[in-house]
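Chains as they are written, first to last, in our numbering: chain A, 307 to 910; chain B, 2 to 367.
In structure tokens form, the structure reads like this:
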């Protein structure tokens, strides 16, 4: 009764429409497909049998108790007339499920430790060249689908740069070769650590200096101060960053493909879905997708508690303060320049390598050779590549239109609605950050290739995957815009809207004349970020995106050209990666320097 | 212009009862103030009248018409927000013209009315400026002009002067009073500043803890506070506890210990019997060094503490185990430790039952 009375008052036509847009969109294109992933394994397939998730645990390629290969091989070899020790790191292979879990845990731990160290140094110390460090830390996040891990593998081959450095520069009698699971771990830590760094750094600069000063005042210093005050207060950032790394690591495809680690959850789903071109997927795909989704959700939900702590880190905030930065001592300076800087340069190398690759004639030995621009012109003249670039621009642009509409509606309803249950909508709208794209791809395949969607525009087999790609991009990349608009709305005092309604303007008019004009920059900033990440989307693009060859997106072509044996393929892929990076750099410059917003990087 | 009536209005936020069964009647053309400490529910009450909050129970009526379910934009009220809520992307002119444009008035009329109100509030020449280019006082005037130009049925003011400096506040207060009387708009004014409330209101409602505790003219509220809360919230006050020794009609004698007996008036609406615990509330400014003509109490004690405030000398006088505050002539020097005698008229001492005292014991009293 009381609720109805309330609803009758707070729901006007504008509010109802703003509410319906996200509810319908997320319901149809996120909730239903994911529900299908959850339900499908329990429903008998065409053969009349079900493949329940429990069957996964009886499949030796999914899980087994002995490793199929040694994790490390050390062997004496003769190369160029020299006696050398070859150290080959492979990592174990206990089947897809343990492999993925071991990998994600190791990667999360590694990325967290390094990210935490860099964040602490950047947040608490001032030293010459800090700006360079700051830029360098962002380099691994530049989007280079597939080619990134490809270059990392080149670095870790027998004749790669790492072995060259150890043997030829340090003159040590060793050469290094990394492949399989061990390679996946290294490549992922190199790529994902800045996610932890950014989140922890944001937490650390929000800590009121008086909290640390009070602890020092009471006698805590050095590591004790860090352990008892700084670290606990940075925990929200650390938890958020670590959870995102865990999820990204689980669903990453680039590294498993590059390092030939085919026994991984993500690769199994990927290869299964690629078989979908024949119209039917192997029975384990849905079960594996459900497992992947469940793991991601556990990671996402387990940090919810910590992330709400973010407010408690800010409770004592009063007025502006000077950040607590100081000059490092002698030992500190040595550690920063001799240890952290080389490590950061090392993690930035894949992106640097992609640039070199794009300009090189060939890269078959240790270093790229020959300087040429011919691959840039070939990218434009090659009809297959050009079409896929054009397709991706169209898909990302169309997704953007949906994202802007969805972003404004969702953020507005969540920020301004006065009806119960909006917390659920908020959680659903944020969840695509944590939901593996492969689970979405599986869900889309299961739902839209059969009745009642069969032979409609949504059916990837009759109409091609173009519409599904646009919808998937919109769903997966909408959180960036929703968050940006929501943050913008929090900056706008609600009284600005109330005064308009008070003077007789309806909610629609208030939206059009007050809210949207004042939100303009937030919408633009969020939309640009969404656009870039739509362009670089891989999970749905390389699975469903291949169903109709004329509709392939750019990331699908990057995968194809890298691994189809085409000699000049990697060079062309490097050029495409440079193209995506340049779009991303433009967006970073525009959002940071023109819109004056913090580039909304990944975080929960 | 309308009469505004609130009937048993209740609003909860989660478990907190922000507004608790509030009933008010604001007469046509009246300047009615809701006064109370922060968190007492006064702003929520105002927002319920504007339609920004929906009451869980109760009704809001404008001239016999039930408007409880009407949206903010269907009510014809105009509100001046505490932070002014001027749109930063519109000029002064566009801000003020907004309400008229919404009503789809012809351009020429919009222009004429906006210019007239700009002149009325003294903003001439600033119409093309943006809000951020204006001083706090000017922004305040724009907010007021924006509300007045639509000729609202009810003008709502939510602590409109709290962001101005002290001198400007006094000037704007007079201006609001003058404009309101001239235009005759029914006005509800919310503030926590009692001086502001006293000086400009026709009537005041005092709110505490979500409830209206007293409604009346400023003088009536000051002179005969209806309960302990109002007595201590309005003006300065000082208190002495004791036990009732005699009640005859309105007159009460209170034994405050050490053989001292104070005579005072029984607070209106209360009853006391001999031996009841009671409390005498006095205004520090009512104490005198000379014996007045009217019947008065004579209180002698040792000076505990003196503070020179400027307009007066605040003296804390110890009376047995209790002490009280008196504001005395600043020209007379009083030293701590000396004995002194002060007088207060019996009519200036109001006696309340002691029940409920602990909950509202303010620093202003202690």
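Don't be surprised by glycine CBs; every beta carbon is placed ideally from N, CA and C.
Span separating the alpha-carbon of residue i from that of residue j
i                     : j                     : result
residue 775 (chain A) : residue 742 (chain A) : 15 angstroms
residue 465 (chain A) : residue 515 (chain A) : 49 angstroms
residue 63 (chain B)  : residue 3 (chain B)   : 6 angstroms
residue 580 (chain A) : residue 329 (chain A) : 31 angstroms
residue 411 (chain B) : residue 22 (chain B)  : Shown here, chain B extends from 2 to 367; a query on residue 411 (chain B) therefore has no answer.
residue 71 (chain B)  : residue 52 (chain B)  : 7 angstroms
residue 677 (chain A) : residue 891 (chain A) : 23 angstroms
residue 527 (chain A) : residue 632 (chain A) : 14 angstroms
residue 175 (chain B) : residue 87 (chain B)  : 22 angstroms
residue 11 (chain B)  : residue 211 (chain B) : 9 angstroms
residue 691 (chain A) : residue 647 (chain A) : 37 angstroms
residue 734 (chain A) : residue 496 (chain A) : 30 angstroms
residue 191 (chain B) : residue 447 (chain A) : 53 angstroms
residue 194 (chain B) : residue 331 (chain A) : 50 angstroms
residue 624 (chain A) : residue 430 (chain A) : Residue placement at residue 624 (chain A) is flagged as unreliable, the pLDDT there being 40, under the threshold of 50; the coordinate-derived value follows with that caveat. Approximately 20 angstroms, taken between the alpha carbons.
residue 609 (chain A) : residue 477 (chain A) : 46 angstroms
residue 14 (chain B)  : residue 895 (chain A) : 44 angstroms
residue 809 (chain A) : residue 838 (chain A) : 41 angstroms
residue 901 (chain A) : residue 235 (chain B) : 50 angstroms
Cutoff 8 angstroms; reference residue i; Cβ partners in own chain excluding five residues on either side
i                     : result
residue 694 (chain A) : 858, 859, 860, 862 and 863
residue 650 (chain A) : 424, 439, 442 and 443
residue 403 (chain A) : 362, 363, 368, 369, 571 and 597
residue 358 (chain A) : 347, 348 and 593
residue 853 (chain A) : 582, 583, 766, 767, 770 and 771
residue 279 (chain B) : 242, 243, 244, 245, 253, 255, 273, 352, 353, 354 and 355
residue 89 (chain B)  : 131, 132 and 133
residue 463 (chain A) : 469 and 483
residue 825 (chain A) : 714, 791, 794, 795 and 798
residue 800 (chain A) : 722
Cβ neighbours of residue i in the same chain (closer than 7 angstroms, five flanking residues each side left out)
i                     : result
residue 130 (chain B) : 92 and 93
residue 879 (chain A) : 452, 453, 864, 867 and 868
residue 817 (chain A) : 320
residue 697 (chain A) : 857, 858 and 859
Chain B contact residues for residue i, given Cβ-Cβ distances below 9 angstroms
i                     : result
residue 726 (chain A) : Near residue 726 (chain A) there are no residues of chain B at all, since even the closest Cβ is about 11 angstroms away, more than 9 angstroms.
residue 312 (chain A) : 55 and 57
residue 308 (chain A) : 57 and 58
Beta-bridge partners of residue i, as assigned by DSSP
i                     : result
residue 67 (chain B)  : B:62
residue 267 (chain B) : B:352
residue 540 (chain A) : Paired residues: none, contrary to the question.
residue 243 (chain B) : B:279
residue 678 (chain A) : According to DSSP, residue 678 (chain A) bridges with nothing at all.
residue 324 (chain B) : B:319
residue 340 (chain B) : B:303
residue 428 (chain A) : Beta-bridge pairing links residue 428 (chain A) to no other residue.
residue 389 (chain A) : A:384
residue 256 (chain B) : B:244 and B:262
Partner residues on chain B for residue i, Cβ-Cβ distance less than 7 angstroms
i                     : result
residue 396 (chain A) : Ordered by position in chain B, no residue passes the 7 angstroms Cβ test against residue 396 (chain A), which lies about 57 angstroms from the chain.
residue 805 (chain A) : 80, 82 and 86
residue 801 (chain A) : 82, 84 and 86
residue 815 (chain A) : 103
residue 820 (chain A) : 88
Proximal chain B residues relative to residue i, where beta-carbon distance stays under 8 angstroms
i                     : result
residue 823 (chain A) : 90
residue 318 (chain A) : 72
residue 632 (chain A) : Neighbours of residue 632 (chain A) on chain B: none; closest Cβ ~37 angstroms, over 8 angstroms.
Contact list for residue i against chain A, beta-carbon separation under 7 angstroms
i                    : result
residue 74 (chain B) : 807, 810, 811 and 812
8 angstroms Cβ cut-off: residues of chain A touching residue i
i                     : result
residue 104 (chain B) : 810
residue 151 (chain B) : 809 and 810
Cβ shell of residue i (< 6 angstroms), same chain only, five flanking positions each side left out
i                     : result
residue 103 (chain B) : none
residue 460 (chain A) : 466
Neighbouring residues, chain A, relative to residue i (Cβ below 9 angstroms)
i                     : result
residue 304 (chain B) : Neighbours of residue 304 (chain B) on chain A: none; closest Cβ ~39 angstroms, over 9 angstroms.
Taking only runs of the beta strand (DSSP E) that begin and end inside the region 7 to 80 of chain B, which ones reach a length of at least 3 residues, in chain order? 17 to 27, 32 to 36 and 58 to 63
Would you list, in sequence order, the uninterrupted beta strand (DSSP E) runs of no fewer than 3 residues that lie entirely inside the region 176 to 210 of chain B? 187 to 192 and 204 to 209
Within the region 504 to 585 of chain A, ranges of the alpha helix (DSSP H) (whole runs, at least 4 residues): 515 to 523, 528 to 531, 537 to 557, 560 to 564 and 571 to 580
Quick check on the DSSP output: what are the complete beta strand (DSSP E) runs of length 3 or more inside the region 669 to 720 of chain A, in order along the chain? 675 to 677
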